[in-house]
Amino acid sequence: MWIIFMGPPGAGKGTQCERLTRSLHIPHLSSGDMLRQAVVEQTGAGRLAEPYMARGDLVPDQVMVKLIAERIERRDCASGALFDGFPRNRHQAEALDQALAARGTPLDAVLELDVPDGIVMARLAGRGRSDDRPEIIAQRLESYRRQTRPLLEYYRQRGLLEIIDGTGTPDKVFERILAALAARRRAGPGSEIARG
Ligand code: AP5
Ligand code: MG
215 MWIIFMGPPG AGKGTQCERL TRSLHIPHLS SGDMLRQAVV EQTGAGRLAE PYMARGDLVP
275 DQVMVKLIAE RIERRDCASG ALFDGFPRNR HQAEALDQAL AARGTPLDAV LELDVPDGIV
335 MARLAGRGRS DDRPEIIAQR LESYRRQTRP LLEYYRQRGL LEIIDGTGTP DKVFERILAA
395 LAARRRAGPG SEIARG
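Residue numbers 215 to 410, in the working numbering, belong to the letters of the sequence shown in order.
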């Protein structure tokens with residue numbers, strides 16, 4: 215299965231992907247973790263990405279698309295992957311569509327974790343990653359609103375979008391995710407229910 219997780223910073227994408235990767239046995243590809251690793255290793259991509267990440271801006275598409283395109287060619291992605299934080303704009307979404315079409319493995323679902331800004335701020339305040347300072351969180355939220363959230367409509371029109379209430383405990387959110395995926399499986403691809 216190929217599943218995209220969307221949602222604002224602090225929505226719980228990483229938290230929920232960690233759970234789902236264990237139950238579906240497909241890898242969890244976190245674009246943010248891949249970039250942070252590249253920064254630590256000071257690769258070309260990492261050096262390029264670092265100032266954008268420090269400001270809370272999206273890193274240039276060509277950097278991100280290349281990292282993901284290479285990653286999905288690895289053997290562990292033979293039966294799919296969970297995308298956490300990718301794609302984040304229309305150009306990235308189209309690049310992913312093309313890469314998956316070339317493999318003959320289309321997307322199965324796009325899950326948006328819906329969490330209000332106030333809860334997101336509180337969650338990130340308790341974590342303490344280097345980009346979790348209030349002014350950088352504000353910029354990450356703004357990037358999400360302006361560049362990423364419009365993608366929801368792109369996926370809704372194709373019947374792929376499921377909006378998941380991301381509030382409550384991680385267990386509760388995970389139950390909702392499993393229920394949404396089970397409902398899609400029962401409905402079958404292309405059915406009216408699957409289109410939500
Ligand atoms: P990225 O690492 O993707 O950060 P993000 O989208 O801002 O999201 P977070 O990782 O902060 O939140 P999350 O939704 O994973 O929540 P989590 O589970 O950790 O991106 C970082 C940067 O990289 C970007 O700003 C950009 O510069 C760059 N980048 C990444 N992808 C890119 C792309 N495609 N294109 C261009 N640039 C890109 O949870 C957050 C906290 O809340 C944790 O402490 C967790 O324990 C807690 N928590 C989770 N769920 C719950 C719950 N239900 N109840 C209470 N607490 C909870
Ligand atoms: Mg994350």
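Don't be surprised by glycine CBs; every beta carbon is placed ideally from N, CA and C.
Pick from the options that is closest to residue i, judged by C-alpha positions
{"i": "E376", "options": "A393, E264, Q361", "result": "A393"}
{"i": "V334", "options": "L321, D322, R354", "result": "R354"}
{"i": "R222", "options": "R360, Q251, R304, T319", "result": "In the sequence as presented, Arg is not what sits at residue 222; that position holds Pro. Nearest C-alpha to P222: R360."}
{"i": "S237", "options": "D290, F388, R400", "result": "F388"}
{"i": "D345", "options": "A307, M267, V253, D328", "result": "M267"}
{"i": "R399", "options": "R250, A313, D322", "result": "D322"}
Contact test: residue i Cβ vs ligand 2 heavy atom, cutoff 8 Å
{"i": "S244", "result": "yes"}
{"i": "D298", "result": "yes"}
{"i": "D331", "result": "no"}
{"i": "M328", "result": "Sequence inspection shows Asp at residue 328; the Met mentioned does not correspond to that position. D328: no, Cβ never under 8 Å from ligand 2."}
{"i": "D247", "result": "yes"}
{"i": "K386", "result": "no"}
heavy atom of ligand 1 below 8 Å from residue i C-beta
{"i": "Q230", "result": "yes"}
{"i": "Y358", "result": "yes"}
{"i": "G382", "result": "yes"}
{"i": "Q306", "result": "yes"}
{"i": "R343", "result": "yes"}
{"i": "L272", "result": "yes"}
{"i": "C338", "result": "The sequence given here places Leu at residue 338; Cys does not occur at that position. Under cutoff, so the answer is yes."}
{"i": "A283", "result": "no"}
{"i": "P348", "result": "no"}
Supposed contact pair residue j and residue i - C-beta distance, whole angstroms, cut 8 Å
{"i": "S245", "j": "M278", "result": "6 Å"}
{"i": "R302", "j": "T257", "result": "With 8 Å as the limit, R302 and T257 do not qualify as a contact, their Cβ atoms being about 20 Å apart."}
To test your reading of the DSSP string, which unbroken alpha helix (DSSP H) runs of 4 or more residues are found completely within the region 247-314?
Within the region 247-314, the complete alpha helix (DSSP H) runs of at least 4 residues are 258-269, 275-285.
Entirely enclosed alpha helix (DSSP H) segments - the region 347-407, minimum 4 residues:
348-357, 365-370, 384-401
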